[in-house]
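Using UniProt numbering, the letters of the sequence shown correspond one by one to residues 1 to 156. First the structure, in the form of structure tokens, and then the observations on it.
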Amino acid sequence: MNNTLQEEQQQQQEQIEILPITVPRVGEGISTLQITKWHKQIGDLVDYGDALVEMKASQLSIDIYAERRGIMKEHLMREGEYAHVGDVVSYLQVERMNSEEVKKDIEGIMTKTDMTAKKKIDSRDLIIAIIVLIGFFFDDFLKLVMNCFDYLFNEN
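Shown next, in the form of structure tokens:
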């Protein structure tokens, strides 16, 4: 009977995986971020896409999102502390995924990607936005580029 209990516990542990949550690379020249808020506390249930932690570097504020469902297992750093890109800041306990679950997650990600792709900005709108931004700084440049734009994209 004792062996059965041990075997059961071993099987349960084999189905559990501990994932590290690391500080992502957020931009060139940014190597350290401050933990400003833990959205998920130890023991909280976490769903795919849930915000786990908010981090800040100078004027940039980001959230790190869960890539799997599970339970927040451990925080390695407290709010207010600083972490470097690549540092592990917490651990998420998840169940090992079988191939069917992996397929479902991939399909979910692909659906989100398709929806994002449909929201892409028209290239003309993007070009105009860039020109206008540059124009705020260089008035003569704006006139020159707008003339070029009219020439290139004139539909007459």
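Backbone N, C-alpha and C define an ideal beta-carbon position, used for all residues, glycine too.
Spatial neighbours of E17 in its chain, beta-carbon cut-off 8 Å, leaving aside the 5 residues before and after: Q93, V94, E95, R96
Segments of 4+ residues assigned as alpha helix (DSSP H) that fall wholly inside the UniProt domain "Lipoyl-binding" (21-90): none
L60 versus G86, M77, S31, D47, residue with shortest Cα-Cα distance: S31
Between the CA atoms of D50 and M77 - distance to the nearest angstrom: 19 Å
Sub-8 Å separation of L52 and I62 beta-carbons: no
Check whether Y91 and I35 have beta carbons under 8 Å apart: no
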